[in-house]
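Report on one structure; see the data block that follows.
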Amino acid sequence: MFPFCLFIWEPGEILTFIITEEFYMVDKFENGLEELGITLSSDQRKQFDRYYELLVEWNKVMNLTGITDYDEVNLKHFIDSLTVVKIIDMNSVKKVIDVGTGAGFPGIPLKIAFPELEIVLLDSLNKRVKFLNEVIGELGLKKITAIHGRAEDIAKNKSYREQFDLCVSRAVANLSTLCEYSLPFLWISGSFVSYKGEFSENEIQQAERAVKVLGGKISETKKFKLPGTDMGRSLIKIDKVNKTPSKYPRKAGLPAKEPIQ
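Residue 102 in numbering that gives the first Met the number 0 sits at position 103 of the sequence shown, with consecutive numbering throughout.
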């Protein structure tokens, strides 16, 4: 139903305002930010727009996302990535690792919105890492690194093991597997936040032993609707309370094939 016109009558003249679909969608994005309590500068907004352009451009030659429509990306990737503020005070966070970042979600939107963060983007596919480095360069982002590797291997590296106060992941995997990938990266008192859709409570119950074995404790689950939609979302916050035993994560492939039960 776009564009549409609003006519306002004044003596002797008619004032016409054209409201375009693009204006509406930008307003929708801003409403989502407002609901999350996030304010962006004009430069940050331009960074999100340039990120979108690069995503669509690179998606023509490699599979980064099935969502390419402007408003859909803004909502289902950018706003969705930023919903972590519902469960984490980002002002208390310094070092973040995004495990299984893919096209950079949630890590890059978090970096744009909170530029003071130090962020590592981890992905197992080298061509995606090349895309991430292109985005980092084009957007002029600092204190952010994209690395190629599997979580099972990188988490054994002393430069990354127990070096972060927040780990985030939107990767598609069961919670037990994600915990084995993620908890080794956190120092004690750090937190892992798993982004989920509408999930069954059984998933948390099935992951309880893995969480305990890996040194974690489920502290909070936040269920909500994605701003401006009826799409259900969940954030699961797991705090690191003990060191992760050195044998975890197990060798590549095992956490997914044989989750800790």
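Positions of the beta carbon are idealized from the N, C-alpha and C atoms, including for glycine. In this text, all values refer to a predicted model and were calculated from it rather than measured experimentally.
- Taking Gly103 as reference, the option from Trp57, Glu115, Asn90 with the minimal CA-CA separation is Trp57.
- According to the DSSP assignment, Phe47 belongs to the alpha helix (DSSP H) that extends over 41-58.
- Fewer than three Cβ pairs drawn from the segment 128-135 and the segment 227-240 lie within less than 8 Å of each other, which leaves the two stretches out of contact.
- Excluding residues up to 5 positions away in sequence, Glu117 lie with their Cβ nearer than 6 Å to the Cβ of Lys142 in the same chain.
- Rounded to the nearest whole angstrom, the C-alpha separation of Lys224 and His76 is 14 Å.
- Secondary structure at Thr228: coil, using DSSP grouped into helix, strand and coil.
- Measuring C-alpha to C-alpha distances from Lys157 to each of Pro183, Gly139, Ala145 identifies Pro183 as the nearest.
- Thr38 is classed as exposed because its beta carbon has fewer than 16 other beta carbons within 10 Å across all chains shown.
- Per DSSP, reduced to three states, the secondary structure at Tyr194 is strand.
- Under the DSSP assignment, Ala251 falls outside any alpha helix (DSSP H); it carries neither an H nor an E label.
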